[in-house]
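Asks:
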Amino acid sequence: MYQSKIAGVGKYVPENVVTNNDLAEMMDTNDAWIQERTGIKERRHIKDGDGNSTAIMGVKAAKIALERAKVKKDDIDLIVFATLSPDYYFPGCGVQVQEMLDIKTCPALDVRNQCSGFIYGLSTADQFIKTGMYKNILVIGSENHSGGLDFTTRGRSVSVIFGDGAGAVVLTRSDNKEQGILSTHLHSEGKHALELSLKGPSTEHWVPEIIAENPQGDDIPYYPYMNGQFVFKNAVVRFSEVIMEGLKANNLEVKDIDMLIPHQANLRISQFIQQKFKLSNEQVYNNIQKYGNTTAASIPIALCEAWENDKIKAGDKVVLAAFGSGFTWASAVISW
Ligand SMILES: CC(C)(COP(=O)(O)OP(=O)(O)OC[C@H]1O[C@@H](n2cnc3c(N)ncnc32)[C@H](O)[C@@H]1OP(=O)(O)O)[C@@H](O)C(=O)NCCC(=O)NCCS
Numbered sequence: 006m007y008q009s010k011i012a013g014v015g016k017y018v019p020e021n022v023v024t025n026n027d028l029a030e031m032m033d034t035n036d037a038w039i040q041e042r043t044g045i046k047e048r049r050h051i052k053d054g055d056g057n058s059t060a061i062m063g064v065k066a067a068k069i070a071l072e073r074a075k076v077k078k079d080d081i082d083l084i085v086f087a088t089l090s091p092d093y094y095f096p097g098c099g100v101q102v103q104e105m106l107d108i109k110t111c112p113a114l115d116v117r118n119q120c121s122g123f124i125y126g127l128s129t130a131d132q133f134i135k136t137g138m139y140k141n142i143l144v145i146g147s148e149n150h151s152g153g154l155d156f157t158t159r160g161r162s163v164s165v166i167f168g169d170g171a172g173a174v175v176l177t178r179s180d181n182k183e184q185g186i187l188s189t190h191l192h193s194e195g196k197h198a199l200e201l202s203l204k205g206p207s208t209e210h211w212v213p214e215i216i217a218e219n220p221q222g223d224d225i226p227y228y229p230y231m232n233g234q235f236v237f238k239n240a241v242v243r244f245s246e247v248i249m250e251g252l253k254a255n256n257l258e259v260k261d262i263d264m265l266i267p268h269q270a271n272l273r274i275s276q277f278i279q280q281k282f283k284l285s286n287e288q289v290y291n292n293i294q295k296y297g298n299t300t301a302a303s304i305p306i307a308l309c310e311a312w313e314n315d316k317i318k319a320g321d322k323v324v325l326a327a328f329g330s331g332f333t334w335a336s337a338v339i340s341w
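If you want it as structure tokens, here you go:
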């Protein structure tokens with residue numbers, strides 16, 4: 006059995022900053038409501054003509070991760086791409102990355118586990134390295150949410166939360182058994198699938214049907230739906246469970262966590278977990294205030310930013326944890 010470690014991290018967010026006050030010009034909302042309920046002050050949105058897309062932002066983050074990992078593009082054995090907002094219905098973004106990075110015909114795998122997508126992707130990559138099949142894997146999380154949200158008052162409870170951006174890591178084979186991905190833990194509970202969902206366009210809800218069913222444009226199933234309070238209640242329970250599961254699997258305790266990087270769903274969720282586990286501010290990294298919820302990109306963006314700010318050092322125990330649509334939830338325990 007081989008060991009895998011994160012050799013490089015990268016992130017990219019579009020330059021265009023959208024504040025809560027900017028949103029208040031488009032819909033009936035306000036800065037106080039958004040900050041109080043979510044902690045978000047601003048987020049980034051792709052702007053028409055800035056040349057970005059989900060795949061392109063993923064490539065920008067990946068290039069930084071590759072450079073930091075000192076891994077050449079042609080040494081990448083697999084691309085894993087997590088997103089809920091791909092450029093195309095099909096094919097997935099992974100093949101676009103292979104083409105844009107001009108990598109020889111390596112495999113490319115797309116992961117559709119929304120807010121848990123990055124950890125699902127990391128776990129998949131980890132298994133390929135641990136079995137010895139691959140040596141270097143690019144894992145990307147990227148989202149273009151702003152391209153698919155309802156920015157009228159009808160969509161305000163969802164659209165104020167989400168932002169655009171990308172993060173990436175290069176996972177490589179390592180000889181040091183003490184360092185790297187110690188374990189990953191994945192879960193799903195599909196009975197709650199529609200509590201946080203986007204129904205169409207899909208084979209169940211194709212475009213002409215959607216238009217025929219919604220002549221007034223009400224209850225449009227091609228905008229996301231979120232049962233906010235239900236999601237919140239489930240999130241705090243599952244985050245706690247999956248963090249404890251990861252610690253237990255490695256004979257660790259809460260006090261051993263050097264850095265917890267929760268998926269940036271809502272600052273209130275992160276704060277609830279922090280208080281429940283009695284973690285200090287130094288033990289938890291949050292940046293939702295600046296970027297909103299970037300779904301599959303939120304953990305690699307936060308991981309990258311924490312690393313760039315010297316908040317993660319060699320040997321630190323880093324715990325990643327996520328919860329989201331599906332419902333799915335997941336954690337990863339890393340010795341940095
Ligand atoms: C979405 C969320 C912030 C909403 O907060 P909430 O306290 O549950 O608010 P509610 O949905 O009950 O709405 C309260 C009121 O605010 C209004 N409201 C909703 N969005 C608003 C907005 N952007 N601006 C102003 N008012 C808003 C509602 O219409 C409602 O008004 P009413 O009382 O007159 O009916 C919260 O439920 C949440 O964060 N849930 C978890 C979401 C999450 O983490 N998702 C990602 C998972 S990966």
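Numbering (the numbering used here), first residue to last: 6 to 341.
Positions of the beta carbon are idealized from the N, C-alpha and C atoms, including for glycine.
These figures come from a predicted structure and were not determined experimentally.
Relative to ligand 1, is the shortest distance from any of its heavy atoms to the C-beta of Thr-333 smaller than 7 Å?
Replies: no
Asks: So does Met-231 have its beta carbon nearer than 7 Å to some heavy atom of ligand 1?
Replies: yes
Asks: Could you check where the beta strand (DSSP E) with Pro-19 kicks off and where it finishes?
Replies: Run containing Pro-19: none; DSSP gives neither H nor E here.
Asks: Taking the CB atoms as reference points, tell me whether Thr-299 and Asn-118 lie closer together than 8 Å.
Replies: no
Asks: Pair every Cβ in the segment 66-73 with every Cβ in the segment 35-53, then say whether three or more of these pairs are closer than 8 Å.
Replies: no
Asks: Any chance you could list the alpha helix (DSSP H) runs of at least 4 consecutive residues sitting entirely within the segment 184-245, in chain order?
Replies: 212-218
Asks: Our contact map puts Ala-74 next to Gly-146 with C-beta atoms below 8 Å; I'd like the distance itself, whole angstroms only.
Replies: Contact doesn't hold; Cβ gap of about 16 Å is too wide.
Asks: Quick check: the segment 321-335 against the segment 180-193, are at least 3 beta-carbon pairs closer than 8 Å?
Replies: Contact holds: three or more Cβ-Cβ distances are below 8 Å.
Asks: Could you tell me the distance, in whole angstroms, from the CA atom of Gly-185 to the CA atom of Lys-322?
Replies: A direct Cα-Cα distance of roughly 10 Å separates Gly-185 from Lys-322.
Asks: Please name the residue, chosen from Ile-11, Ile-39, Phe-95, Ala-327, that lies closest to Ser-207 on a Cα-to-Cα basis.
Replies: Phe-95
Asks: Runs of 4 residues minimum, wholly inside the segment 68-144: which ones carry the alpha helix (DSSP H) assignment?
Replies: 98-105, 122-135
Asks: At what residues does the beta strand (DSSP E) containing Trp-334 begin and finish?
Replies: Residue range 333-340 is occupied by the beta strand (DSSP E) that includes Trp-334.
Asks: Runs of 4 residues minimum, wholly inside the segment 297-338: which ones carry the alpha helix (DSSP H) assignment?
Replies: 303-313
Asks: Give me the Cα-Cα distance between Leu-154 and Asp-180, rounded to the nearest whole angstrom.
Replies: Taken atom to atom, the span from the alpha-carbon of Leu-154 to that of Asp-180 is near 45 Å.
Asks: How far does the beta strand (DSSP E) with Ala-270 in it extend, from its first residue to its last?
Replies: Taken as a continuous stretch (DSSP letters only), Ala-270 belongs to no beta strand (DSSP E), as it is neither H nor E.
Asks: Given a cut-off of 8 Å, decide if Leu-187 and Val-338 are closer than it, judged by their beta-carbon atoms.
Replies: yes
Asks: Tell me which residues share the same chain as Val-242 and place their Cβ nearer than 7 Å to its Cβ, disregarding the 5 neighbours each side in the sequence.
Replies: none
Asks: Specify the secondary structure class of Glu-47 as computed by DSSP and reduced to three states.
Replies: strand
Asks: Can you tell me whether DSSP reads Thr-177 as helix, strand or coil?
Replies: strand
Asks: Expressed to the nearest angstrom, what Euclidean distance is found between the alpha-carbon atoms of Ile-81 and Ile-108?
Replies: 8 Å
Asks: For Pro-112 versus Leu-83, is the C-beta spacing smaller than 8 Å?
Replies: yes
Asks: At a threshold of 7 Å, does Gln-279 count as lining ligand 1 (C-beta to nearest heavy atom)?
Replies: Checking every heavy atom of ligand 1 against the Cβ of Gln-279, none is found closer than 7 Å.
Asks: Give a yes or no on contact between the segment 130-138 and the segment 267-274, applying the rule of three or more CB pairs nearer than 8 Å.
Replies: no
Asks: Return the first residue and the last residue of the alpha helix (DSSP H) that Arg-161 is part of.
Replies: 161-164
Asks: Buried or exposed, going by whether 16 or more other CB atoms sit within 10 Å of the CB of Ile-216?
Replies: exposed
Asks: Taking just the CA atoms, how far does Ile-306 sit from Glu-250?
Replies: 24 Å
Asks: Using a threshold of 7 Å, is the CB atom of Gln-234 nearer than that to any non-hydrogen atom of ligand 1?
Replies: True, at least one ligand heavy atom lies under 7 Å from that Cβ.
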